[in-house]
Amino acid sequence: MLDIVVIRRDPDRVRCSLRRRGLDPSVVDEVLRMDSEYRSALASVEETKAEKNRLSGEIGKARDKAAAAAAARPTLDGLAERIARAEERARAFAPDEAGSPLRALLEQMPNLLDDSVPDGRGEEDNVVLRTWGTPPSFDFPPKPHWELGETLDVIDFQRARHLSGSRFSVLKGQGARLSRALVQFFLDRANARGYVEVAPPYLVTRSTMWSTGQLSKFADAMFRDADTDLYLIPTAEVPLTALHRDEILDVDTLPRKYVAYTACFRKEAGAAGKDTRGLVRQHQFDKVELVWLCEPDRSFEALEQLLGDASSLLQELELPHRIVAVCSNDVGFNGAKQYDVEVWLPSANTYREISSCSNCTDFQGRRAGIRFRTAKGKLQPVHTLNGSGLAIGRTLLAIVENFQHKDGTVSIPPALRPYTRFDALRRE
RNA sequence: GGAGAGGUGGCAGAGCGGUUGAAUGCGGCGGUCUUGAAAACCGCAGAACGCGAUGAGCGUUCCGGGAGUUCGAAUCUCCCCCUCUCCUCCA
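Next comes the structure, spelled out in structure tokens:
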């Protein structure tokens, strides 16, 4: 959630950010109008209450309290009525009142874009910053992972459909072991880089979900149990970021770096017909997620480190990939700045997202009430960052496709062999 | 699922319906002392929002959340939420 004070003081900055995201900047004027409505109502509430408090205090000090109360009665009744009226008016536009229209507008406003984010209308305008490795050239027609997976008997899409419907998969034998090896590999690397490993719940409450910004825009994208009102996490970003919700963190303990392996659950309702084959887009997938909580003036530097942590994994796995600066219209709702790491997929003959690293600045910290005390003693929301390190399914399919051989076997990247304990996928 | 206990400031922990925004302890900040540090001692310190110049200052609200009683509620009543303990069930 944006700081309403920023909207008030620097509306042009907010308008500009919205415009760059391809959104209508006129909400800013709506917000300003309601906000001034609210403040004038609030002023009259407070003024009237001050008067009432003063009278009450006098009654408390009077020797004959009953008599004083009786004497003040008519005045107090009048004040009470005025307070009730003004309060009603104030409440209608209060930014922190659940049902208020101002709140509704604020909730749907995305984070302010950082100036360094390139302009662009969509994915195609993302800027490639650097490319690592060379896409493999095959002297035979390379197969997509879903074919290789079935042939090797390590991925079973058909039985997954039978069990759970579309967009699910079953990993078997070496496939399941490869997946587990990747989890272990990623967690070990993150641990080595100072991330504290966390095994969080996969179900979280509505307020947890709200606190990290997932509920404003993506409510439809999540699985939820109606009885308990619990949500299945769409990413470990949610429990990791909200881990310190409503806490005041000692500044000496910042930055805090957390890593978690979890399953992730997404309805993918808006992606009908997209990526229907293979492991790319599933209702349930595994991911190792990296999250930082840090001081505001360090967060952009932290984003570079986070990106480095994510991309180094692909280097170790010898998977060709590139880093793109996500353009203004493509940066996520929570993010002020975002990099995507894209891995080469022979079946698509292009690069596909395997990690997304975002600096959410204070957007989530404010909602979630995660704060620290500045040197001057002021409380301030922390900045939060998150990035995949990495998506397990997409890494697995990238390995299968990039390291395939003519005979249908697949080599395991050397760095991973201590984890898999086998050096190739073969039909068993 | 059943029974009980409890939710107060960064933490711990008091609080007859009327200067209690809240004792006390720890922690924090500033100072005295010290070559420095520790200890000891003295002092300062809650949060959100609004007005104001992003200052001084002023005001309102806040003791889990919401309603109520009252001129006045942390303190009384009702509802909800959460946590803890015990029992039951269970990986």
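Take the first sequence: its position 280, counted from the start at 1, is 280 in my numbering, and no numbers get skipped.
Glycine included, each C-beta is placed from N, C-alpha and C at the ideal position.
Since the structure is predicted, the reported quantities are computational estimates derived from the model, not experimental observations.
Kindly indicate which residue of the options has the alpha-carbon position closest to the one of residue i.
| i | options | result |
| --- | --- | --- |
| Asn349 | Glu88, Pro135, Phe285, Ala192 | Pro135 |
| Arg189 | Thr235, Asp423, Ile370, Leu390 | Leu390 |
| Ile392 | Arg91, Val343, Gly78, Ala271 | Val343 |
| Ser166 | Gln158, Pro320, Ser36 | Gln158 |
| Glu295 | Ile233, Thr384, Ser116, Phe186 | Thr384 |
| Arg417 | Leu317, Glu428, Gln364, Phe372 | Leu317 |
| Trp252 | Gly133, Glu47, Phe372 | Position check: residue 252 holds Asp in this sequence, whereas Trp was assumed. Checked all of Gly133, Glu47, Phe372; the closest Cα to Asp252 is Phe372. |
| Tyr419 | Val127, Leu182, Tyr231 | Leu182 |
| Ala199 | Val238, Phe218, Arg193, Leu230 | Val238 |
| Met109 | Gln184, Ala69, Phe333 | Phe333 |
| Pro74 | Ala86, Ser56, Arg85 | Ser56 |
| Arg427 | Glu401, Val291, Lys172 | Lys172 |
| Glu447 | Tyr351, Arg224, Asn402 | Lying outside 1 to 428, the shown extent of the chain, residue 447 is not represented and no answer is given. |
| Pro142 | Phe422, Arg421, Val410 | Val410 |
| Glu37 | Arg54, Glu87, Pro25 | Glu87 |
| Thr228 | Phe218, Thr205, Ala69 | Thr205 |
Are the CB atoms of residue j and residue i within a distance shorter than 8 angstroms?
| i | j | result |
| --- | --- | --- |
| Glu289 | Ala236 | yes |
| Arg322 | Ile354 | no |
| Arg281 | Glu268 | yes |
| Arg366 | Met34 | no |
| Leu254 | Val382 | yes |
| Leu113 | Ala310 | no |
| Ala424 | Ile412 | yes |
| Pro234 | Gln214 | yes |
| Ala80 | Ile59 | no |
| Ser430 | Pro101 | The structure shown has nothing for residue 430, since the chain only spans 1 to 428. |
| Ala263 | Asp286 | yes |
| Asp444 | Asn191 | Since the first residue shown for the chain is 1 and the last is 428, residue 444 is missing from the structure and cannot be characterised. |
| Leu293 | Arg256 | yes |
| Val400 | Gly99 | no |
| Arg266 | Ala221 | yes |
| His283 | Phe422 | no |
Looking only at its chain, what residues have a beta carbon closer than 6 angstroms to the beta carbon of residue i, apart from the 5 residues adjacent to it on each side?
| i | result |
| --- | --- |
| Val31 | Ile7, Leu105 |
| Pro144 | Ser347 |
| Arg193 | Asp309 |
| Cys360 | Asn334, Gly335, Thr384 |
For residue i, which residues of its own chain have a beta-carbon under 8 angstroms away from its beta-carbon, when the five flanking residues on both sides are left out?
| i | result |
| --- | --- |
| Leu307 | Ile323, Tyr339, Val341, Cys357, Gly387 |
| Leu163 | Val170 |
| Asp139 | Lys406 |
| Val28 | Ile7, Pro11, Val14, Arg15, Leu18 |
| Asp275 | Arg281 |
For residue i, which residues in the same chain have their Cβ closer than 7 angstroms to its Cβ, ignoring the five residues on either side in sequence?
| i | result |
| --- | --- |
| Lys49 | Ile83 |
| Arg89 | Ala41 |
| Gly122 | Asn329, Asp330 |
| Glu51 | Leu79 |
| Glu465 | A query on residue 465 cannot be resolved here, the shown segment of the chain reaching from 1 to 428 and no further. |
| Asp362 | Pro296, Pro381, His383 |
Just confirm the distance between the C-beta atoms of residue i and residue j, as a whole number of angstroms; I'd bet it's less than 8 angstroms.
| i | j | result |
| --- | --- | --- |
| Leu396 | Leu314 | About 13 angstroms separates the two Cβ atoms, so there is no contact after all. |
| Arg277 | Trp146 | 5 angstroms |
| Ala325 | Leu23 | Actually they are not in contact, since the Cβ atoms of Ala325 and Leu23 sit about 20 angstroms apart, beyond 8 angstroms. |
| Val196 | Tyr258 | 5 angstroms |
Between the stretch 173-182 and the stretch 153-164, do at least 3 Cβ pairs fall closer than 8 angstroms?
In this structure the stretch 173-182 lies against the stretch 153-164, because at least three pairs of beta carbons, one per stretch, are closer than 8 angstroms.
Indicate whether the contact test is met: 3 or more Cβ pairs, each with one atom in the stretch 77-94 and one in the stretch 39-46, closer than 8 angstroms.
Flag = yes, the stretch 77-94 and the stretch 39-46 touch.
Indicate whether the contact test is met: 3 or more Cβ pairs, each with one atom in the stretch 227-247 and one in the stretch 197-216, closer than 8 angstroms.
Yes: the two stretches touch, three or more of their Cβ pairs being nearer than 8 angstroms.
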